[in-house]
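J.: Chains as they are written, first to last, in our numbering: chain D, 23 to 338; chain C, 23 to 338.
Cβ coordinates follow ideal geometry from the N, Cα and C atoms, glycine included.
Keep in mind that this is a model prediction, so the values were computed, not measured.
#1: Could you pull out every residue in the same chain whose Cβ sits closer than 7 Å to the Cβ of residue 192 (chain D), ignoring the five residues on either side in sequence?
#2: Can you check whether the C-beta of residue 281 (chain C) is within less than 8 Å of a C-beta belonging to chain D?
#3: Please indicate yes or no: does the CB of residue 225 (chain C) lie closer than 7 Å to some heavy atom of the ligand ZN?
#4: Leaving out five residues on either side along the sequence, give the residues of the same chain with a beta carbon under 6 Å from the beta carbon of residue 249 (chain D).
#5: With a threshold of 16 other CB atoms inside 10 Å of the CB of residue 41 (chain D), please say whether the residue is buried or exposed.
#6: Output needed in chain order: residues of the region 126 to 149 of chain C with a Cβ under 9 Å from some Cβ in chain D.
#7: So residue 235 (chain C) contacts chain D; which residues on that side make the cut at Cβ distance below 7 Å?
#8: So, is the C-beta of residue 114 (chain D) closer than 8 Å to a C-beta in chain C?
#9: Taking residue 173 (chain D) as the reference, which of D:37, D:322, D:220, D:164 has the closest Cα?
#10: Return helix, strand or coil for residue 336 (chain C), following the three-state DSSP convention.
#11: Please list, in chain order, all residues of the same chain as residue 304 (chain D) whose beta carbon is under 8 Å from its beta carbon, the five residues on each side excluded.
#12: Less than 8 Å between CB atoms is the rule here; does residue 253 (chain C) satisfy it with respect to chain D?
#13: Roughly how many angstroms lie between the CA atoms of residue 234 (chain D) and residue 261 (chain D), to the nearest whole one?
#14: Looking only at C-alpha atoms, which of C:227, C:52, C:238 sits nearest to residue 147 (chain D)?
#15: Take every Cβ of the region 207 to 226 of chain C, pair it with every Cβ of the region 37 to 54 of chain C, and state whether three or more of those distances are shorter than 8 Å.
#16: So, are the CB atoms of residue 48 (chain D) and residue 61 (chain D) less than 8 Å apart?
#17: Contact between the region 105 to 125 of chain D and the region 156 to 175 of chain D is defined here as three or more beta-carbon pairs at a separation below 8 Å; is this criterion met?
#18: Run down chain C in chain order and give the residues with a C-beta less than 9 Å from the C-beta of residue 256 (chain D).
#19: Could you give the first and the last residue of the continuous alpha helix (DSSP H) run that contains residue 339 (chain C)?
#20: I'd like the span of the beta strand (DSSP E) that includes residue 30 (chain D), first residue to last.
#21: One question on the structure: do residue 216 (chain D) and residue 93 (chain D) come within less than 8 Å of each other, judged by their Cβ atoms?
#22: Using a beta-carbon distance cut-off of less than 7 Å, what residues from the region 281 to 303 of chain D approach chain C?
#23: Distance check for residue 300 (chain D) and residue 24 (chain D), CA to CA, integer angstroms please.
#24: Measuring CB to CB, does residue 129 (chain C) end up less than 8 Å from residue 80 (chain C)?
#25: Decide yes or no for the touch test of the region 49 to 69 of chain D against the region 100 to 119 of chain D: beta carbon pairs closer than 8 Å, at least 3 of them.
#26: Tell me whether residue 107 (chain C) is buried or exposed, calling it buried when 16 or more other Cβ atoms sit within 10 Å of its Cβ.
#27: Could you give the DSSP three-state label for residue 219 (chain C): helix, strand or coil?
Okay, here's the thing in structure tokens:
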């Protein structure tokens, strides 16, 4: 049987272990495992990589434990503006939306842009309208709000008012979910979805909806989804750079991905990514305290982690 | 004296010669020359590449002959939504705005995002508000409208209603302006600005505001600004791909740029770019009937072209 593979991340802005309860960490790990199961089911039945990526991301968008969909960070205006993108490594087709407010699963809208429009990236209200037109679930902006994000924004604004801190801390700032997959036909795909960062200015767009920066996939090479301060990932064209180092400089996935994390990290920011090569090897480097992540090994064993320790979660 | 260089493009969607009057073509060439003069003045006095790029683009944004700023294409709603980006090859800093409606010179807003904010890309109304806050010229959306664009939209909508044509022709569709520069200190920069395409859906964002796709610059390698159907340039990460082929595969500018135009062109679209390498060699490949373009040679001689024929325009 041909190799299939799935790898996911839930952001490199993971909090220190003591800042959440063990119940919360256990639920986070369970939702990572659920995301992997959902994608593995598709791949093991011969489904396409792009479908598996969408399915994996949807589970994390629906979970309150990740900064995407329900549970997304709040902007400075106490609202949610969401970004997402997806890329099909077989066709190099891609779709993305940014600064949307009412689409329950932004990754589905990104895929719909790819498959049901002539466009690649739609910004703002027209993207919300497009999603509604193609029949996706539309929700009020408040659907995305969770108590944890309300607290985080209030806390940051209070600190800011006391001038204790100008910017959110690394952990409060970042958060993104993403997935990469290899299907049995050898197709690669990648997808990324985010709420941005706590207290972000309205209209700010990071790397998550930017093909080449936050998301990239090309059959025969690799698929990549990034997490970290998007502004730097855009300047470094990070996701595509992994692929370019493999394709043009003949590097393996690990060496290429490490070089990109080093380049992005040279700007003194937290950075991480999930990646898979054409052989199905998943690699998830990060330079922070932790990065929520998971993958399924070829024998179907499921592994998830939020910090250094890796947890076995049974067989998919 | 160290090499300095400036190269510009005014879009690869140039009309066939008989579709405009000789007066219009002469004025188009003169505005290209004005753009080059404006940038050359800065570079020859020791100014920075990023300033020269901005100055060159501003002249084309202010001209009705190019699809950027005044003269921008109209959306399906008979409005203008503008995109721009700029990148400084010295710092790899970059700034961009998309789907803005009231900023007279979008390239100035892109530069302000780079230099006066912590963000890289701002979408929609918040970008207009940012530009106003930093003191840029704000204009009504109607400022951008020219009779030629009103006619083009009406003609396309009429054809569309008669089902004669589903999409705009290549020439009607594309149009973007861009500039690349090398300053006396060896710094490279690139910038791109556009109104998108005739009859574009609201919220559509192309490659012009996307670092890596439409715009890229890195000292010691190259600076690139692209023109053509943005959706394909994003998927191909076109501007960065020129740089990646040079950096990782050891290609020269010409070979790298030709390979990227071939890759993008393989999707059966018109494509062009302006590029300059670290030695100041300007290269402007395109696969269409024509591409408005210009450059200044090291002796200060100014050349512009809209189709195959190159016109000498004196000394800068």
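T.: By the coordinates alone:
#1: Along the first chain, read from residue 1 onward, the residue named residue 192 (chain D) stands at position 170. In this prediction, residue 192 (chain D) has a pLDDT of 49, which is less than 50 and means its spatial position is unreliable; nothing more can be read from the coordinates.
#2: Counting from one through the second chain, the residue named residue 281 (chain C) turns up at place 259. Closer than 8 Å: no.
#3: Looking for the ligand ZN in the displayed structure turns up nothing, as the structure carries no ligands at all.
#4: Here residue 249 (chain D) refers to the residue found at position 227 when the first chain is read from its first residue. Excluding positions up to five away in sequence, the list reads 31, 33, 34, 198, 294.
#5: As a working note, residue 41 (chain D) is residue 19 in the first chain. Classification of residue 41 (chain D): exposed, given that the 10 Å Cβ count is below 16.
#6: Only 139, 140, 141, 142, 143, 144, 145, 146, 147, 148, 149 from the region 126 to 149 of chain C bring a Cβ to less than 9 Å from some Cβ of chain D.
#7: Taking the first residue of the second chain as position 1, residue 235 (chain C) is located at position 213. Ordered by position in chain D, the residues that pass the 7 Å Cβ test against residue 235 (chain C) are 234.
#8: By one-based count along the first chain, residue 114 (chain D) stands at place 92. Put simply, the CB of residue 114 (chain D) is near chain C, with a gap under 8 Å to one of its CB atoms.
#9: One-based indexing of the first chain puts residue 173 (chain D) at position 151. Nearest of D:37, D:322, D:220, D:164 to residue 173 (chain D), Cα basis: D:220.
#10: Reading the second chain from its first residue, position 314 is the one you call residue 336 (chain C). Per DSSP, reduced to three states, the secondary structure at residue 336 (chain C) is strand.
#11: Counted from its first residue, the first chain places residue 304 (chain D) at position 282. Once the five neighbours on either side are set aside, the close Cβ partners of residue 304 (chain D) are 27, 28, 29, 202, 296, 297, 298, 317.
#12: In the second chain, residue 253 (chain C) corresponds to position 231, counting from 1. For residue 253 (chain C), a Cβ of chain D is located within less than 8 Å of the residue's own Cβ.
#13: Numbered from 1 along the first chain, position 212 holds the residue referred to as residue 234 (chain D). Numbered from 1 along the first chain, position 239 holds the residue referred to as residue 261 (chain D). Rounded to whole angstroms, residue 234 (chain D) to residue 261 (chain D) spans 5 Å at the Cα level.
#14: Here residue 147 (chain D) corresponds to residue number 125 of the first chain, with the count starting at 1. Its Cα nearest to that of residue 147 (chain D), the residue C:227 stands out among C:227, C:52, C:238.
#15: Between the region 207 to 226 of chain C and the region 37 to 54 of chain C there are fewer than three C-beta pairs closer than 8 Å, too few to call the two in contact.
#16: Start at 1 with the first residue of the first chain, and residue 48 (chain D) comes out as number 26. Start at 1 with the first residue of the first chain, and residue 61 (chain D) comes out as number 39. Their beta carbons are not under 8 Å apart, which means residue 48 (chain D) does not touch residue 61 (chain D) by this criterion.
#17: These segments touch.
#18: Here residue 256 (chain D) is taken as the residue at index 234 of the first chain, counted from 1. For residue 256 (chain D), the chain C residues whose Cβ falls inside 9 Å of its Cβ are 116, 118, 142, 143, 232, 233, 234, in order along the chain.
#19: The requested residue 339 (chain C) does not occur in the structure, where chain C is confined to residues 23 to 338.
#20: Locating residue 30 (chain D) in the first chain gives position 8, counting from the first residue. Start and end: 27 to 31.
#21: The residue given as residue 216 (chain D) occupies position 194 in the first chain. The residue given as residue 93 (chain D) occupies position 71 in the first chain. The answer is no: Cβ separation not under 8 Å.
#22: Per Cβ criterion, the list is empty.
#23: As a working mapping, residue 24 (chain D) is identified with position 2 in the first chain. As a working mapping, residue 300 (chain D) is identified with position 278 in the first chain. If you draw a straight line from the Cα of residue 24 (chain D) to the Cα of residue 300 (chain D), it is about 11 Å long.
#24: Residue numbering aside, residue 129 (chain C) sits at position 107 when the second chain is read from its first letter. Residue numbering aside, residue 80 (chain C) sits at position 58 when the second chain is read from its first letter. Yes. Within cutoff.
#25: The region 49 to 69 of chain D is not in contact with the region 100 to 119 of chain D.
#26: The sequence position of residue 107 (chain C) within the second chain is 85, counting from 1. When all chains shown are included, residue 107 (chain C) counts as buried.
#27: Here residue 219 (chain C) refers to the residue found at position 197 when the second chain is read from its first residue. Of the three classes helix, strand and coil, the one that applies to residue 219 (chain C) here is coil, per DSSP.
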